[in-house]
Amino acid sequence: MTRRLAAAACILAPLCYAIALPDYLVFGSQILVMALLAISLDLLVGYAGIATLGHAAFFGAGAYVAGLLSVHGWGEPLTGVLVAACAAGALGIPIGLLTARSGTLARLMITLGIAVLLYETANRAAGITGGADGLQGMEVWPLLGVFDFDLAGKIGFAYAWCTFVLGFILARFVVKSPFGLSLEAIRDNPLRAAGIGIPVKGRLTAAFVISAAIAGAAGAVLAQTTQVVALNVLSVQLSADVLVILIFGGIGRIYGGLIGAALYMGAHHWMSGLSPVYWQFWLGLVLIACAFLAPSGIMGLMAPRAGGRDT
Amino acid sequence: MQASFRTVVCLAAVLTAVAARADDLKIGLIAPFSGSETAGLEMDNGIKAFFKLHGDVVAGRKVIVISRDAPTPAPDVARRLAQELVTRDKVDVLAGHLFTPTAIAAGQVSTQSKTPMLIMNAATSGILAKFPYTARASFTVAQTTAPLARWVAKNGMKRVFTIVADYAPGIDSENAFQREFVEAGGTMTGSIRVPLDTIDFASYIRRIQDSETGGVFAFLPAPDQAKNFIKAFRDAGLDKKGVKLVVEGGMLQPQITATLDDDAIGIISSQHYSEDHQSQENMAFVEAYKSVSGNRIPTYISVGAFDAMNMLYKAVEAQAGKLDPVKSVEIWRNMKLESPRGPVSFDPQTRDIVQNIYIRRLERKNGILTNVEFETYDAVKDNGKQ
Numbered sequence: 009m010t011r012r013l014a015a016a017a018c019i020l021a022p023l024c025y026a027i028a029l030p031d032y033l034v035f036g037s038q039i040l041v042m043a044l045l046a047i048s049l050d051l052l053v054g055y056a057g058i059a060t061l062g063h064a065a066f067f068g069a070g071a072y073v074a075g076l077l078s079v080h081g082w083g084e085p086l087t088g089v090l091v092a093a094c095a096a097g098a099l100g101i102p103i104g105l106l107t108a109r110s111g112t113l114a115r116l117m118i119t120l121g122i123a124v125l126l127y128e129t130a131n132r133a134a135g136i137t138g139g140a141d142g143l144q145g146m147e148v149w150p151l152l153g154v155f156d157f158d159l160a161g162k163i164g165f166a167y168a169w170c171t172f173v174l175g176f177i178l179a180r181f182v183v184k185s186p187f188g189l190s191l192e193a194i195r196d197n198p199l200r201a202a203g204i205g206i207p208v209k210g211r212l213t214a215a216f217v218i219s220a221a222i223a224g225a226a227g228a229v230l231a232q233t234t235q236v237v238a239l240n241v242l243s244v245q246l247s248a249d250v251l252v253i254l255i256f257g258g259i260g261r262i263y264g265g266l267i268g269a270a271l272y273m274g275a276h277h278w279m280s281g282l283s284p285v286y287w288q289f290w291l292g293l294v295l296i297a298c299a300f301l302a303p304s305g306i307m308g309l310m311a312p313r314a315g316g317r318d319t
Numbered sequence: 081m082q083a084s085f086r087t088v089v090c091l092a093a094v095l096t097a098v099a100a101r102a103d104d105l106k107i108g109l110i111a112p113f114s115g116s117e118t119a120g121l122e123m124d125n126g127i128k129a130f131f132k133l134h135g136d137v138v139a140g141r142k143v144i145v146i147s148r149d150a151p152t153p154a155p156d157v158a159r160r161l162a163q164e165l166v167t168r169d170k171v172d173v174l175a176g177h178l179f180t181p182t183a184i185a186a187g188q189v190s191t192q193s194k195t196p197m198l199i200m201n202a203a204t205s206g207i208l209a210k211f212p213y214t215a216r217a218s219f220t221v222a223q224t225t226a227p228l229a230r231w232v233a234k235n236g237m238k239r240v241f242t243i244v245a246d247y248a249p250g251i252d253s254e255n256a257f258q259r260e261f262v263e264a265g266g267t268m269t270g271s272i273r274v275p276l277d278t279i280d281f282a283s284y285i286r287r288i289q290d291s292e293t294g295g296v297f298a299f300l301p302a303p304d305q306a307k308n309f310i311k312a313f314r315d316a317g318l319d320k321k322g323v324k325l326v327v328e329g330g331m332l333q334p335q336i337t338a339t340l341d342d343d344a345i346g347i348i349s350s351q352h353y354s355e356d357h358q359s360q361e362n363m364a365f366v367e368a369y370k371s372v373s374g375n376r377i378p379t380y381i382s383v384g385a386f387d388a389m390n391m392l393y394k395a396v397e398a399q400a401g402k403l404d405p406v407k408s409v410e411i412w413r414n415m416k417l418e419s420p421r422g423p424v425s426f427d428p429q430t431r432d433i434v435q436n437i438y439i440r441r442l443e444r445k446n447g448i449l450t451n452v453e454f455e456t457y458d459a460v461k462d463n464g465k466q
């Protein structure tokens with residue numbers, strides 16, 4: 009029951025934000041995008057126990073697919089997100105197959121390497137992606153053919169919220185399912201999981217594909233609401249940021265992504281507004297303090313996991 | 081009685097203060113302020129130098145700058161900042177932009193909200209076309225590079241090798257140089273694009289040697305790259321073998337020349353601004369800039385900010401305190417300025433800046449390595465999008 013309530017709160021909290029802070033809707037939709045990305049990363053890191061440093065690869069792939077679609081004449085947002093999610097998921101298949109067959113440190117190298125590879129490819133293929141100048145000329149059609157993306161970001165926010173809710177429900181469904189439980193078993197002890205008959209590599213690859221597809225959808229929403237795509241969506245910095253957000257919020261708890269994104273990006277936004285030059289110093293201090301005071305994230309403070317290991 | 085009179089005076093003071101505030105002319109400045117990038121600071125100092133020379137009140141309105149940090153070329157950040165500046169802070173004009181992607185993202189907000197925008201750097205050709213309320217007070221890399229290619233061809237170098245940083249401005253400069261140079265009858269002996277983080281140039285120098293070229297054109301504007309390449313070039317003795325080095329001026333910014341030694345003297349470069357430009361306007365600008373920035377030397381980025389302020393003031397004055405987007409752009413596209421960099425005008429079609437490009441030689445002047453201008457190409461247009 010409390011879990012249902014928590015899930016409902018997670019879904020409704022963004023609406024309260026929209027009512028309380030109507031001037032910050034663009035920021036709000038970007039928080040939701042990052043939250044969705046963090047949740048997709050949580051499936052991998054928190055549930056399947058796959059350490060990755062390259063999650064931006066899927067986010068960026070989704071963003072560029074959605075961007076390229078709309079540059080080349082298909083600006084319908086919903087199908088754009090769908091195609092982007094499928095493309096990112098497809099990209100997740102080979103990477104998932106690779107990582108499922110390697111150890112923790114090798115996984116870090118593989119995922120990091122692939123993200124860097126994609127970044128450089130996008131940089132080099134300036135004829136297609138616009139390279140460092142960014143992908144220009146996106147024409148995104150009105151949502152459902154009716155709602156034009158407005159300046160204040162109302163439609164953009166509603167759109168990001170719907171995508172977030174769908175992604176959140178999907179992720180929650182996955183982790184509550186027998187499939188999700190088998191992922192946790194693999195995380196805790198892959199040898200024994202294999203011993204009781206769980207197809208470890210297949211499950212890990214499947215988790216990778218689901219996570220990649222959600223990340224791709226998040227990237228597509230960001231691209232469509234921003235209407236420019238630049239190389240930063242593929243950057244190692246973004247991969248690191250989303251990992252920090254997840255650790256900040258709490259790993260292995262599906263809500264950690266939203267809480268982490270809201271707090272981390274909120275702090276970032278607030279501090280960089282107060283002090284455009286020195287804000288990174290203060291944000292760094294906050295992160296270090298958090299690592300000491302709340303080693304298992306904000307969620308860990310709020311609800312220590314019963315019986316589970318606290319990492 | 082005494083007390084109530086004081087209250088009234090206080091109230092009146094508060095009310096006028098509030099009234100004045102609503103009347104302020106607000107500039108939303110988006111640029112990199114945090115991290116290693118100094119462009120935001122250079123723009124800020126350029127604006128302060130303008131305030132020092134021309135005051136911070138125009139047509140009765142006090143000018144306020146609201147700075148926002150966009151440390152990387154991330155368009156989503158710039159779009160969010162621009163949107164909040166427009167809808168929350170109610171800025172009258174958007175400005176800044178070191179990077180092209182941030183200028184494009186903010187340009188969309190400018191178009192959607194009909195807010196005028198002045199780009200202070202963002203030097204990619206052709207980005208103004210889609211944003212009807214935007215003008216650019218900076219330059220394009222193609223614009224500063226093309227005259228250098230013509231100068232090189234005219235001065236007897238027939239075979240040139242290009243080496244550029246592998247990112248959009250580098251590729252722009254490579255294209256502009258090759259196009260102009262070949263058109264002027266020169267031959268390319270080869271070209272290399274170097275990753276942005278490369279600082280070891282030994283293998284590249286080797287390839288340049290093997291090509292038996294007569295000259296080298298370089299555009300490596302990251303400070304470490306510029307310094308290391310110039311050093312590697314000298315160490316290999318290329319200059320003693322008669323190979324000439326010419327560079328785009330971004331490679332010899334004041335913060336880079338400060339790290340070079342006398343070996344670098346004699347390098348030819350081209351750009352639209354040198355702090356050594358001989359004119360009344362520039363003397364006044366350099367002096368004002370030094371006094372507001374703790375004795376720093378102004379850069380082409382600060383002069384872009386200074387001129388954008390000049391454009392803003394002229395537009396506000398012409399509209400008696402207002403800043404209508406359509407009228408402002410109309411004023412800007414027909415504007416002529418006497419800038420610290422020299423005479424500046426605008427292409428009425430593209431709204432892009434038309435300015436003199438100077439060929440300079442690096443010399444030691446008053447103890448400081450300085451780009452001394454010795455030849456001028458008048459009123460050069462941007463031809464990057466041909």
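Protein sequences, first through last, are from chains A and B.
Residue numbering for the first sequence follows the working numbering, beginning at 9 and increasing consecutively.
Residue numbering for the second sequence follows the working numbering, beginning at 81 and increasing consecutively.
Backbone N, C-alpha and C define an ideal beta-carbon position, used for all residues, glycine too.
This structure is a prediction, so every number in the text was calculated from the model and none was measured.
Through-space distance from residue j to residue i, alpha-carbon basis
i        : j        : result
B/His177 : B/Met200 : 6 angstroms
B/Ala364 : B/Gly401 : 26 angstroms
B/Leu392 : B/Ser205 : 22 angstroms
A/Ile177 : A/Lys162 : 22 angstroms
B/Phe211 : A/Ala21  : 36 angstroms
B/Asn235 : A/Ala71  : 48 angstroms
B/Ser349 : B/Ser114 : 30 angstroms
A/Ala231 : A/Gly75  : 6 angstroms
A/Lys209 : B/Lys170 : 55 angstroms
A/Gly54  : A/Ala130 : 29 angstroms
A/Val294 : B/Ala162 : 27 angstroms
B/Lys461 : A/Glu128 : 32 angstroms
B/Lys311 : B/Asp343 : 8 angstroms
A/Thr107 : B/Leu105 : 56 angstroms
A/Gly205 : A/Asn197 : 13 angstroms
B/Ala129 : B/Ala248 : 31 angstroms
A/Leu5   : A/Pro303 : Nothing in the structure corresponds to residue 5 of chain A, since chain A is present only between 9 and 319.
Buried versus exposed, by CB contacts within 10 Å (16 or more), residue i
i        : result
A/Trp188 : According to the sequence displayed, residue 188 of chain A carries Gly and not Trp. So A/Gly188 ends up on the buried side.
B/Thr456 : exposed
B/Lys324 : buried
B/Gln429 : exposed
A/Ile306 : buried
B/Glu164 : buried
A/Met310 : exposed
A/Ile122 : buried
B/Glu254 : buried
Neighbour list for residue i in chain A, Cβ cutoff strictly below 8 angstroms
i        : result
B/Val189 : Leu159
B/Gly115 : Gln288
B/Tyr247 : Asn131, Gly139 and Ala140
B/Thr204 : Asp141
B/Pro378 : Near B/Pro378 there are no residues of chain A at all, since even the closest Cβ is about 19 angstroms away, more than 8 angstroms.
Nearest-angstrom beta carbon gap, residue j and residue i [assumed within contact, 8 angstroms]
i        : j        : result
B/Ser425 : B/Glu361 : At roughly 15 angstroms, the Cβ-Cβ gap does not stay under 8 angstroms, so B/Ser425 and B/Glu361 are not in contact.
A/Leu52  : A/Ala160 : Actually they do not touch by this definition, with Cβ atoms about 35 angstroms apart.
B/Asp149 : A/Ser280 : 5 angstroms
B/Phe219 : B/Gln358 : The Cβ separation is near 20 angstroms, so there is no contact.
A/Leu56  : A/Leu251 : First, the residue type needs correcting, since residue 56 of chain A is Ala and not Leu in the sequence shown. That belief does not hold up - the Cβ atoms of A/Ala56 and A/Leu251 are roughly 15 angstroms apart, past 8 angstroms.
B/Phe299 : B/Val244 : 4 angstroms
B/Asp387 : B/Lys445 : So it is not a contact: roughly 24 angstroms between Cβ atoms.
Chain B residues whose Cβ lies nearer than 8 angstroms to that of residue i
i        : result
A/Phe35  : Arg160 and Glu164
A/Tyr32  : Glu164 and Arg168
A/Ser280 : Ser114, Arg148 and Asp149
A/Ala134 : Ala248 and Ile251
A/Pro284 : Phe113, Ser114, Gly120, Ser147, Arg148 and Asp149
Proximal chain A residues relative to residue i, where beta-carbon distance stays under 7 angstroms
i        : result
B/Thr152 : Asn240
B/Asp156 : Gln38, Leu230 and Thr234
Proximity test, Cβ basis, 8 angstroms: residue i and chain E
i        : result
B/Gln399 : Absent here is chain E; the protein component of the structure consists of chains A and B.
#### Entry: Any beta strand (DSSP E) of 3 or more consecutive residues that is wholly inside the segment 217 to 298 of chain B
Every beta strand (DSSP E) stretch that sits fully inside the segment 217 to 298 of chain B and reaches 3 residues is listed by chain position as 239 to 245 and 267 to 274.
### Task
At 4 residues or longer, and completely inside the segment 188 to 254 of chain A: list those alpha helix (DSSP H) runs for me, N to C.
Every alpha helix (DSSP H) of 4 residues or more that sits fully in the segment 188 to 254 of chain A is shown, in chain order, as 198 to 203 and 208 to 234.
### Query
In chain order, which continuous runs of the alpha helix (DSSP H) of length 4 or greater are located wholly inside the segment 367 to 433 of chain B?
Correct list: 380 to 398 and 405 to 413.
### Query
Which ranges would you report for the beta strand (DSSP E) in the segment 102 to 141 of chain B if only whole runs of at least 3 residues count?
Segments of the beta strand (DSSP E) lying fully in the segment 102 to 141 of chain B: 105 to 111.
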